[in-house]
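So the protein lines, in turn, are chains G and H. Residue 37 in my numbering sits at position 37 of the first sequence, and the numbers go up by one each step. Numbers given in my numbering equal positions in the second sequence, counted from 1, plus 216.
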Amino acid sequence: AFPYPNPQQMFFQDEEIQGMSTNFVTSFFGLWDSNRRDLIQLYQAESQFSLSVDMSHPHMLEVANVDFGYYLPFSRNLTKISASKSRMSKVCIGPDQIFKAFTQLPKSKHELVTKPDMFSMETYRFPQVNGIIINLHGTFGETAPPENLEAFNNAAHRNRFQNNRNKKPPLSNKSFDRSFVVIPGPNGSMILASDSLVIRSPSGCDSWSKQSKLPT
Amino acid sequence: MNQDPTQPIEPFLKGLVSSLDLNNKAYPNVEAYATQFARQLKPSSGVVLNGNPIVSNNSKLEFQKNWLSSPLTSHQIGNFDCHLIPGTGTVLINVTGKVRFDESGNSRLNESADLIQTSITDQKKPVWGSWFGFYLHLVVDETVLTNSDSELINNFDYRITYKPKDSVVEI
């Protein structure tokens, strides 16, 4: 039998971080979907953000031709990047770089409150910084192209053989995994020390839904 | 900061994932085999599998016992990314990819629950099912950058993120 045939949708190491992490995730994605600028206060000079695209991740068969064009210029999939300069430059450090990247990702809608079954989460303590780690998995809808198309246009320009400079990728649902390191800041505030996002084709929620059974 | 310190992480991850996929052929006994699985775990690592924590004062041993009873696996890494967290001596790594399970009904020790056993000398080949998606999040000591074979994993969070509809092994 697979060690744990009954997947649990949520894991919280203890009650205190259960409250903290659910509040954090709800308000984070509320702002991520409505006004990303308001998130910038969570990031400090040493905060890191990067995203990576896993195009080979298994996904629902009814979904075809998911376009990752808006994400690929930022993708830090380290199995695919060997030059150390670009491995290092694809991590955004500090609020300015991070916010600039945020404006270049499609606008989104995460139905965390209305459809919580679409998400699963694990949280645990990270004692080295007196913080917590939150790993969230789920699916979001893309609602509009990015505000800022600089990275997309640069990438399309370089790729001159595809002649896709003016062709915008279609919007679609995407699945994601996002990992946060949240540490306590001054006056009860929170600081995001590390934020990493994986983007992949839609995979549904069968692997953690209540009726789901994994290999035995 | 001109040197990219993250180069050693990929071989570390490949080694870790392939240790989960080992078959028992090369090992003289069960113990020698089972202690290979994720041998870079610390005895006190936080281990969570599909949202289920391992609650034990030796989570490494408990994980290895559990993993031994699972069907044979085959993992492929599709993507990973990592952050060195300043001042903590740790690296956070997230890995995604695909995994398939042996659907032949045999355990990793080549045993099945069938009452009529085929001859033990028969080499049983795995019958691979469809690909599942997995996500693995690790908190590892910075020593991974110099010596990736010691016990250095503080947290191991493994989540199946996609389950194919035609999986035979769901019981």
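Just so you know, even glycine gets a beta-carbon here, dropped at the ideal spot from N, CA and C. Quick caveat: nothing in here was measured; it's all calculated off a predicted structure.
Problem set entry | Reference residue 289/H, options 369/H, 239/H and 227/H, closest by Cα | 239/H
Exercise. When Cβ atoms are compared, which residues of the segment 185–203 of chain G fall closer than 8 Å to chain H?
Worked result: 193, 194, 196, 198, 200 and 203
Problem set entry | Backbone CA spacing between residue 256/H and residue 364/H [nearest angstrom] | 8 Å
For this session: Determine, using beta carbons only, whether residue 220/G comes closer than 9 Å to chain H.
Result: The question about residue 220/G has no answer here: the residues shown for chain G are numbered 1 through 216.
Problem set entry | Residues that DSSP places opposite residue 142/G in a beta bridge | 108/G
For this session: Compute the Euclidean distance between the alpha carbons of residue 249/H and residue 242/H, then round it to the nearest angstrom.
Result: 8 Å
For this session: Give the residues of chain G in contact with residue 226/H, contact being defined as C-beta atoms less than 8 Å apart.
Result: 78 and 79
Problem set entry | residue 134/G (DSSP reduced to helix, strand or coil) | strand
Exercise. Under the three-state reduction of DSSP, which class applies to residue 20/G: helix, strand or coil?
Worked result: helix
Problem set entry | CB contact flag (residue 198/G, residue 310/H, <9 Å) | yes
Problem set entry | Closest Cα partner of residue 92/G within the set 315/H, 299/H and 308/H | 299/H
For this session: Could you name the residues of the segment 243–270 of chain H whose beta carbon sits closer than 8 Å to any beta carbon of chain G, in the order they occur along the chain?
Result: 262, 264, 265, 266, 267, 268 and 269
Exercise. For the putative contact between residue 352/H and residue 360/H, defined by C-beta atoms under 8 Å, what is the C-beta separation to the nearest angstrom?
Worked result: Not confirmed; about 14 Å, so no contact.
Problem set entry | chain H contact for residue 110/G (CB, 9 Å cutoff) | no
Exercise. Apart from the five residues just before and just after residue 267/H, which ones in its own chain have a Cβ nearer than 6 Å to its Cβ?
Worked result: none
Exercise. At a Cβ cut of 8 Å, what residues of the segment 58–72 of chain G count as close to chain H, listed as they run along the chain?
Worked result: 58, 59, 60 and 61
For this session: For residue 231/H, decide whether its Cβ has a neighbour in chain G, counting only Cβ atoms nearer than 9 Å.
Result: no
Exercise. What does residue 170/G reach in chain H if we use C-beta pairs closer than 8 Å?
Worked result: Ordered by position in chain H, no residue passes the 8 Å Cβ test against residue 170/G, which lies about 22 Å from the chain.
Exercise. Going by alpha carbons, who is nearest to residue 52/G out of 209/G, 130/G, 60/G and 73/G?
Worked result: 73/G
Problem set entry | Straight-line gap, residue 153/G to residue 287/H (C-alpha atoms, nearest Å) | 47 Å
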